[in-house]
Amino acid sequence: QIDLVIETSVQEGMLTLNRALVDLVKKKAISLENAELYSLNPSELRILLERS
Numbered sequence: 001q002i003d004l005v006i007e008t009s010v011q012e013g014m015l016t017l018n019r020a021l022v023d024l025v026k027k028k029a030i031s032l033e034n035a036e037l038y039s040l041n042p043s044e045l046r047i048l049l050e051r052s
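Going by UniProt numbering, the sequence shown wraps up at 52, each residue one higher than the last.
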């Protein structure tokens with residue numbers, strides 16, 4: 001339920017953990033491997049990275 005609230009509250013500045021990790025990977029602040037270690041859903045993380 002919390003993820004749904006976060007996903008629907010993007011306009012208010014909320015980000016899921018995976019979206020925050022995607023941003024960090026894109027900025028080269030962390031590696032994909034580290035992002036996958038901290039992600040609660042690595043497969044979703046990879047999908048988000050492919051779409052961005």
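We put the beta carbon where it would ideally sit given N, CA and C, even for glycine.
Alpha-carbon spacing of residue i relative to residue j, whole angstroms
i      : j      : result
Val-5  : Leu-45 : 18 Å
Ile-47 : Ile-2  : 20 Å
Leu-49 : Ala-29 : 14 Å
Leu-37 : Thr-16 : 15 Å
Residue i, buried or exposed, once every other Cβ within 10 Å from all chains shown has been counted against 16
i      : result
Ala-20 : exposed
Val-25 : buried
Asn-34 : exposed
Thr-8  : exposed
Pair within 7 Å by beta-carbon distance, residue i and residue j
i      : j      : result
Ser-52 : Val-22 : yes
Ser-31 : Asn-18 : no
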